[in-house]
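Residue numbers (the working numbering): 199 to 584. Even for Gly, the Cβ is constructed at its ideal location relative to N, Cα and C. Since this is a predicted model, take the numbers as computed values, not measurements.
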Ligand SMILES: [Zn+2]
C-alpha cells in the first residue's frame, strides 16, 4: 500500500515548527553515529525486535488467545529469518514470557545503538473489525488511533512507581503526546518507509485487510533514537483473524513477511547510501580538479554553466539534476533556466562545464554576466584579450 499523503502532509507544519529543536535534541546527538555507520560498512545493521507485553501483562485476551504469546511467537520467527542475513544483528527485548517495562524496551534499543526498532502487537475491538495497521509516532488523527495507543501505553500502570518513572506522562491525556513527538521527528520519513513496506507485505502477500500506516502516540516509540514502528498484526477479537494469528501457520507467515519488509528496508537504505556516496566521490573529484586548476579571474564577471531550459519549474536540488549540487533556477525569457556553478574564474567554470557534460548534460554551455547583466561570452572574453 501507499503511505497516506494527506496524513503525512498535515503533519508537516509540526515538522517545521520543531525542526530547530530537533537540530539540537535529535540531530546533534546522532549525527556522529550516522557518520560512523556511513564510513564503516562492516558495522552490522542492528534490528531490535520487541514482542509487546509479557509476564503479568498478557496484553489483549480474546477467547484463549493471548496477545503476549502471539506477539512473542511472531517476533521469534521474524528474528529467525533476519538472523540468516549477512550483516544484520538481531536483538530481542524479550525471548520469553516475562514482563519488560516500556522504558526498558526503548532503552535496550538505545543502548545497542540500534538502526531499527520494531514492536509487534495484536489488536482487539468489540466488533468484528479486522486487518493490519502499522503505526509511526505522531499525533493521532482520530479517536480510534488514540484509543489504540492508549491501550498499549496503559501497561505503565502495571509497573512499580510509574508516577516517578514516567513523570509528566499521562496515557489518557493527548497533550502528553506533543512533547514526545520531538525525538522521533528526525526519523519520521524512515519510519514511514518501513511502516509502508510492512503493510505492503502483510496486505499483498498474506491477503490481510489494509488498515494503513497511521500515526499515534505510543510511549515505547517516543523514547527510541532510531526509526521505529509498531505493528498491530490483526484483531484477536475477529473470529477468523484471531484463529489465524493464534495458529502456527499464521505466526509463521506474519514472521516471514515482517522479516521481508525489514530486509527490503535495509536494502533500500544500502542503495541510497551507495548513491549518496558515489555522488560525494564525484563532487570531491571535481572540487579537487578545480583546486589544482590555475585561476583565470574576470573582474565583475560571473560565469555559470547553463544545463537546461524548460517551461517546467523544478526544484534546483541534486535529485532533479543527476546529483549536481549548486544548481540555481532563474526565470528568463519566459522559461526556467537551470544553471550550475557561479564563479568569476573562467578556468573553474570550464571544469564545471566538462563535469556537467560527463553527467549527461551534453549540450551544457558557459554563460556570462557583467554586473548582473547577461552578456555574450565572446565579448566578455575579448575584454581580457592578450
Ligand atoms: Zn499490544
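Residues in the same chain with beta-carbon distance under 7 angstroms from residue i, minus the five sequence neighbours each way, listed in chain order, please.
{"i": "residue 450", "result": "275"}
{"i": "residue 244", "result": "287, 289, 310, 311, 312 and 313"}
{"i": "residue 511", "result": "534"}
{"i": "residue 268", "result": "320, 443, 444 and 449"}
Which same chain residues end up closer than 6 angstroms to residue i when comparing Cβ atoms and leaving out the 5 residues on each side of it in sequence?
{"i": "residue 569", "result": "498"}
{"i": "residue 400", "result": "330, 406 and 455"}
{"i": "residue 567", "result": "500"}
{"i": "residue 303", "result": "248, 291 and 418"}
{"i": "residue 436", "result": "326 and 328"}
{"i": "residue 308", "result": "423"}
{"i": "residue 412", "result": "331, 333 and 343"}
Report the rounded CA-to-CA distance for residue i versus residue j, giving the unit in angstroms.
{"i": "residue 321", "j": "residue 273", "result": "16 angstroms"}
{"i": "residue 547", "j": "residue 560", "result": "15 angstroms"}
{"i": "residue 446", "j": "residue 284", "result": "26 angstroms"}
{"i": "residue 585", "j": "residue 394", "result": "Residue 585 lies beyond the residue range present for the chain, which begins at 199 and ends at 584; the question has no answer from this structure."}
{"i": "residue 527", "j": "residue 507", "result": "9 angstroms"}
{"i": "residue 226", "j": "residue 423", "result": "Legend: pLDDT at residue 226 = 33, less than 50; position of this residue unreliable, no value from coordinates given."}
{"i": "residue 349", "j": "residue 443", "result": "19 angstroms"}
{"i": "residue 234", "j": "residue 242", "result": "Residue placement at residue 234 is flagged as unreliable, the pLDDT there being 34, under the threshold of 50; the coordinate-derived value follows with that caveat. Distance between the alpha carbons of residue 234 and residue 242: 12 angstroms."}
{"i": "residue 429", "j": "residue 316", "result": "8 angstroms"}
{"i": "residue 549", "j": "residue 344", "result": "57 angstroms"}
{"i": "residue 577", "j": "residue 565", "result": "11 angstroms"}
{"i": "residue 487", "j": "residue 398", "result": "46 angstroms"}
{"i": "residue 391", "j": "residue 453", "result": "19 angstroms"}
{"i": "residue 224", "j": "residue 431", "result": "Because the pLDDT of residue 224 is 32, which lies under 50, any placement of that residue in the model is unreliable, and the number read from its coordinates should be weighed accordingly. Going from the Cα of residue 224 to the Cα of residue 431 covers about 30 angstroms."}
{"i": "residue 494", "j": "residue 544", "result": "5 angstroms"}
{"i": "residue 404", "j": "residue 439", "result": "12 angstroms"}
{"i": "residue 473", "j": "residue 575", "result": "35 angstroms"}
{"i": "residue 531", "j": "residue 571", "result": "14 angstroms"}
Considering just the uninterrupted stretch of the beta strand (DSSP E) at residue i, what are its terminal residues?
{"i": "residue 536", "result": "533-541"}
{"i": "residue 468", "result": "Counting along the chain, residue 468 falls outside any beta strand (DSSP E), though it belongs to the alpha helix (DSSP H) covering 446-490."}
{"i": "residue 412", "result": "408-414"}
{"i": "residue 527", "result": "525-530"}
{"i": "residue 552", "result": "Where residue 552 is concerned, there is no enclosing beta strand (DSSP E), although the alpha helix (DSSP H) it sits in stretches over 544-556."}
Could you round the C-beta distance between residue i and residue j to whole angstroms and report it? I think they count as a contact, below 8 angstroms.
{"i": "residue 426", "j": "residue 335", "result": "7 angstroms"}
{"i": "residue 260", "j": "residue 434", "result": "4 angstroms"}
{"i": "residue 557", "j": "residue 522", "result": "6 angstroms"}
{"i": "residue 502", "j": "residue 537", "result": "4 angstroms"}
So what does residue i bridge to, in DSSP terms?
{"i": "residue 504", "result": "537 and 563"}
{"i": "residue 568", "result": "499 and 571"}
{"i": "residue 385", "result": "Per DSSP, none; premise fails for residue 385."}
{"i": "residue 430", "result": "319 and 331"}
Which residue marks the beginning of the alpha helix (DSSP H) containing residue i, and which one marks its end?
{"i": "residue 306", "result": "300-309"}
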